[in-house]
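As structure tokens, the structure follows; a few thoughts come after it.
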Amino acid sequence: MTRLVGISVAVFAVACNFTAAFAPLTSALMSSRLSAFHTSKYDLSNPRSVQASRLFSKLATKLDVDCQQPEIDYFDPFDCGNNWGELSANQQIASKKAVNSALILAPLSIIIPTAANAANDGLSTGLYNPDSFKPVCSASDSFYRILQGSTRAVVGDENFSEYGPLIAGGLLRIRLELCVVESFFNEAVGPFIKENGLSWILPFHETVETFLAGTIFALATTFILVGSTKLIQIIAFYGDLIVGGPCRLFGGFFFDRARGEPVTLDVSFFGFFKTRLVGPPIDFTEEENKKKLSGDGQKNLLDLDKVKPTDIPLLAVSGGVKLVGETSKLFREFIEALDLFVGRYLVLIASGYIILKFVHFKENSSDIKELHSEPIHSISGVELFNQQDFDAFRDTIEAILSKKNVLREFKRNEADLEIIKELILDNKRKLPYWSIDEYLLQTPNEFQTILVDGNDTREKSISHAKQKLQDRRQMYLDQTGITVAQHKLAITLLSFLGDHCAKTRNPKPLYVAWEIILEAGMTPMSKVLSTYLYVLGLDEESSDELERDVSAEVAMFHDAIYEPTEKTITLLVKSLVKRGDAAGAEALLDNIADGPLGDLRHRTTSPILSLYCEKGQIASALRLYQRMRATSRVKMDAETYCGFIASVAECGYFASDSKPIDGAVELGYSSASGSGLLDALISDMAEDVLDISADMAKRLHNGFAKGFKESRLDVLENDEDLQLTTELCNPSSLIADRVSVDKDTGRCPATNSILRLIVLEQSQRQHVHDTLLDMAKMKSIEYTSRLAAKGRAPRDAAEQAEQASQIIANFSHWLDNREGKPYTAIIDGPNVAYFGWGKVSMFQLQRMVDELEMLGEHPLVVMPEKYTRPRFYLRAGNIQTLRENELEIISRLEERDQIYKVPPMCLDDMYWMLASVSDQLKATNGTDIHVPKDNAESRFSGMRPVCITNDRMRDHRLELLDERSFRRWCCSHIVNYNYTGVLEDFWAKDDRDITFHAADSFSDEIQSNDCPGGGKAWHIPVSEWEPNERLCLRLGSN
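Under my numbering, the residue at position 268 of the sequence shown is numbered 1442, and the numbers go up by one with no gaps.
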């Protein structure tokens, strides 16, 4: 019985598409004649086996066919992938049958040479090559898998394996038919409509492209739907039979019972001789008459008078089931109607549509020729460019066409290339001049409105531009006599021109190329126009001198036919700024704020802010400034901050008696003028900027000097620099000067304010600690990767990485839980021992320990374990041997618990950096080990522990912290050193003096501090000045 069910299901699959399923059926029957292979030396269970490969090679040789081993393992009805060894005996037999079936069909490959010759034709390459066409049909694949799983569940594994080729062959053909429809609409029609819209269906101006697009679409749709809707109708029918029918039957039965209707069973013969077998007797003739008189042909399903309260759940559930069944029925009837329509009327409608488009095309072609026939000949002999510009263009084209790689691209079109070359190198106009305005629905000044008025205006603009391009191209083709293919070849050549100019950074030839593009109605690809924009942007000086802004024209042309990009928007903004229209430029940004370009970069917005500042429109500038700071992709830089703050100062808004800036309070500023506004703006800058340049410092100084004309400040000329102010200024005077802050005390000479040392917060210290634990594992992996590249990778690299992370965690635990005196100085052992020598000096290391102890510190040396061995490799082929007295130094440090040996495969930098942020909980017992200023022991002040190293930590700084936090850590913990004098003998006792560049007493970042005489002073680091010099800004107390 089970075998019979299996055969029935297989026959059902074949019945869905008998013709398509016939091939696998035939191959399965023929494969039975090759059972001798199963007992021969050929192992065909694996299609990748040597025997299968040899057999196929022999067969291909006999047929004289140049082809590769077929990918027959992709046919996998058992979902086994490559795990053929896991199949049962019956499954293996089935798989061998499948392989043999493929081999039996191989003689049909005698047609391959003809197909191959066709594929080599020019019309069978690229997108037109059938061999490379691989449609993506996810929905069809899912349906195939559902059918496959359902079949297997019904017939069982044994029958499924035995009849596998037959079942899979039928189901795969069903999948193929569905895939044809899915792939056509998803991969061909959908993308084409997305790119070109729907204007080609019945455009106002019919062109060759729109005619061909509509014709091909109509023909392809007819061929595809006529064959495929029947299969969909069959699927809908069986779906309704299996799902909808039972839902209507059982759902209707229980629904009627819940509504109190009696059980009835009526039978009839094609609508006649209707009689009731079960239920109350009824006169059907009288019942029909009642329905006709009452006009109600259906039962009132909402009549719930007879429904008992206990039956309401049954009513709801059965009603839902019945609704599913009725929906299935409606879907089946819709598909049947669609299939009927396609079979009867689609061919007729498609033919009529093609005829209509052909007539429309012929009428449009004659109209265009009549419209432009006269003006074309009236401009003969008019030069397009001055000779100097055109010479640069001609030379570049000649250079491009002399390259072998370019010539290979045009190898099949050499004759056409000569025609195009002669055409574009003729410095004469072919048509009346068309500016960029001709292609735009709006004027250039109104172009930004296409991003304002919504999708309708956008679609109209795109349609208008494309239609104008088609008209202009047809005019150009009629005038010059070239073909559409030659016109496309010219576009390709100008695309190569853009790439060449980008490599040579020479924008001059593109001015000529742009005029040719406009004249010929060319449509370069979006990436080609982007290349033109990049190259034209290199010629800023020339673009400033020209009345035409060619870069802006290219940007508008791009946005008229393609989706706008940040680059094109930026150029449009710059064009508006160049014309002095800051409000228009900001309006353009406002109009796209909610779209995909809403988060624009700094380079797009900063020109508008600069123009507002130049015009003194500070209220508008403040509004845009606030928007820029709130936009995630706008990274505010020091130049923008300084320029804006200087402009506000120049307009006098920082004066105590100044009028407030309009709208500042609404933007969130507590003070709309005066010192409160200055504090707010510099606080903004301090969040994003660490230091400024000397030019920016001078710009700030001049801004305050111009805004406070009664002050002691003078406006500096371009060749003047800010001079140091060393005297204490009157508390009421304005300060915007260069000062030298005392390195030890942090005192400002002009204001007497004391600069602070801003240290890491506890959360930041913990972040460094945790990051170092993670980095230890990562660095171990990187190290083993480098060893692997040299062929020396350890076998247990992953385990060693875990160990590296655990070892540094143990080190951290040891620091927190050890008893004894807390460490106040962590020595980078290799950095100190190697200093000034090409090898490790333990005497130099001991000298450092002694010096630190003399200064009242308790040092810990962090040293890689290998440098503490009697013999070790310094580098490849160079071995250092430690003497007895050097080994004694190591032993003394061990006895005093002042050295930590870092195990192999671990990076010692991580250890001394981690020690600097360790709390040493038990050793400190909660006491503060930091050293205050002017302490009685004469120790250098600052945080503890300090790190003694000259390592600049370039490899770790960005991994540990952001730049601001890293600076705070360095200022607080890093102490540089230097050994004075020269030691002639490496083995001699080292008694040289050591100088320390102690950790800073104030932070190297923007900060404000109270002044003794009142008011607040800001101190800003300047990158070109000395490390302790600052730009000091202070508004007078009056």
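Don't be surprised by glycine CBs; every beta carbon is placed ideally from N, CA and C.
In the DSSP annotation of this structure, the continuous segment of the beta strand (DSSP E) that includes PRO2195 starts and ends at 2190-2195. The Cβ neighbour count for HIS2171, taken over all protein chains shown within 10 Å, is under 16; the residue is labelled exposed. Straight-line spacing of the CA atoms in ASP1853 and MET1810 works out to 18 Å. Here the alpha carbon of PHE1427 sits roughly 22 Å from the alpha carbon of TYR1412.
Rounded to whole angstroms, the Cβ separation of THR1705 and ILE1743 is 17 Å, and the two are not in contact under 8 Å.
Residue environment analysis places LYS1482 among the exposed positions, since fewer than 16 neighbouring C-beta atoms fall within 10 angstroms of its C-beta. Exclusion of the five residues before and after HIS1674 leaves ILE1574 as the residues of its chain whose Cβ lies within less than 6 Å of its Cβ. Between the alpha carbons of SER1725 and HIS1638 lies a distance of about 21 Å. In this structure, VAL1686 lies near ASP1563, with their beta-carbon atoms less than 7 Å apart. The C-alpha of SER1312 lies about 11 Å from the C-alpha of ARG1319. In this chain, the alpha helix (DSSP H) harbouring TYR1708 covers 1700-1710. A distance below 8 Å between beta-carbons, with the five flanking residues on each side excluded, links ARG2141 to the following residues of its chain, in chain order: LEU1864, SER2177, ASP2178 and GLU2179. Secondary structure note for PRO1487: its alpha helix (DSSP H) is the uninterrupted segment 1486-1515. Of the other Cβ atoms in all chains shown, 16 or more fall within 10 Å of the Cβ of GLN1974; this residue is therefore buried. Residue pairing by DSSP places MET2037 opposite LYS2075 in a beta bridge. Counted as a single uninterrupted DSSP element, the beta strand (DSSP E) harbouring GLN2054 occupies residues 2052-2055. The segment 2031-2040 makes contact with the segment 1995-2003; the number of CB pairs closer than 8 Å reaches 3 or more. Residues of the same chain with a CB within less than 8 Å of the CB of SER1937, apart from the 5 flanking positions on each side, do not exist. Closest option to LEU1497, judged by alpha-carbon separation, among GLY1419, THR1570, TYR2153 and VAL1452: GLY1419.
Apart from sequence neighbours up to five positions away, no residue of its chain approaches MET1699 with a beta-carbon distance below 6 Å. Residue nearest to GLU1588 within the set PRO1606, LEU1651, LEU1667 and ASP1652 is LEU1667 (criterion: CA-CA distance).
Annotation for CYS1675: the continuous alpha helix (DSSP H) segment containing it runs 1658-1678. Per DSSP, reduced to three states, the secondary structure at ASP2002 is strand. In the three-state scheme derived from DSSP, where H, G and I count as helix and E and B as strand, HIS1875 is classed as helix. Distance from the CA atom of ASP2174 to the CA atom of PRO2077, rounded to whole angstroms, is 33 Å. In this structure, PHE2017 sits away from ASP1893, with a CB-CB distance that is not shorter than 7 Å. Residue pairing by DSSP leaves LEU1393 without any beta bridge partner. Around VAL2006, the same chain offers LEU2019 and MET2022 as residues with beta carbons nearer than 6 Å, after the five sequence neighbours per side are excluded. Of the candidates ALA1950, TRP1608, PRO2106 and CYS1353, TRP1608 places its Cα closest to the Cα of GLU1727. In terms of Cα proximity to GLN1660, the closest of ARG1586, PRO1681, GLY1790 and GLN1641 is ARG1586. Boundaries of the alpha helix (DSSP H) harbouring GLU1861: 1848-1862, taken from the DSSP string. Closest by C-alpha distance to ALA1734, out of THR2169, LEU1614, GLU2068 and CYS1816, is LEU1614. Under DSSP, GLY2030 takes part in no beta bridge, so it has no partner.
Residue state for HIS1732 is assigned as helix, using DSSP reduced to three classes.
Here ILE2148 is bridged, per DSSP, to CYS2121. Following the DSSP letters along the chain, one finds ALA1910 inside the beta strand (DSSP E) bounded by residues 1909-1914.
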